[in-house]
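This report concerns only the one structure given below.
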């Protein structure tokens, strides 16, 4: 199957979320294309699940954005973020949420192993508790290294299309995560840099190769269509919960959460 490959630069968080959502909406409405998107973050940013309470993060001083997917909060920084938008009717993804997790995580795990990281899929049940932090406990088919969570992912499915995106940590900023989540994540997170000196660019290339194999995909390097760009521009403000300290307007921005309506 023909897939689109988008290799984005580091962008503000609300634009990242809006682009992912526009790709998903276009696919759901029948005018988009299956897409693998790899990207980064312009500055440290907190993303929260589409139904998660934003209040605990509004005093962080960081931008806060809302994902169209579920899951718990992540501090994005020094990572490769992947996004896969596909069709639910594709036989590869017919196994529902967990089946799709398994397929996508298998591609990422293979790329990490190519890079020298002894990565493995978590096959147990999700940890108990009500932590607001994604990286505190793994869910089934998420990716571990040395028993610690290396990749955190979230997925949302609609009638026709789904989106799964997640963070592959190149390194983790313990001080930053502790400032946001307290000491909950100490000893829980792993990063690629602990096990390999692979560069971010090289790992991106490895990911593309393994996704191409795992998804039986012929990738066409491209960008959002003009229609998707217009949609993402309209969605961007609704993905931004708080702008964070140092914004050009000099104050935090609070807006409604309509990143996917």
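Residue numbers (the numbering used here): 40 to 300. Glycine is no exception: its CB is placed at the ideal position from the N, C-alpha and C atoms.
Check                                                                                                                       : Outcome
Residue 207 Cβ short of 6 angstroms to the ligand COA heavy atom set                                                        : For the ligand COA, the structure offers nothing, since it holds no ligand at all.
Start-end ranges of the beta strand (DSSP E) lying completely within the region 130 to 166, minimum 3 residues              : 158 to 160
Supposed contact pair residue 77 and residue 47 - C-beta distance, whole angstroms, cut 8 angstroms                         : 7 angstroms
Sequence-distant residues of the same chain with beta carbon closer than 7 angstroms to residue 167, five excluded per side : Low confidence applies to residue 167: its pLDDT is 44, below 50, so where it sits in the model is not reliable enough to give any reading.
Nearest neighbour of residue 279, chosen from 102, 72, 223 and 209 [CA to CA]                                               : 102
Within 7 angstroms, strictly: CB atoms of residue 187 and residue 228                                                       : yes
Beta-ladder partner(s) of residue 228, from DSSP                                                                            : 188
Proximity of residue 109 and residue 88 at Cβ, strictly below 7 angstroms                                                   : yes
First through last residue of the beta strand (DSSP E) which encompasses residue 122                                        : 118 to 126
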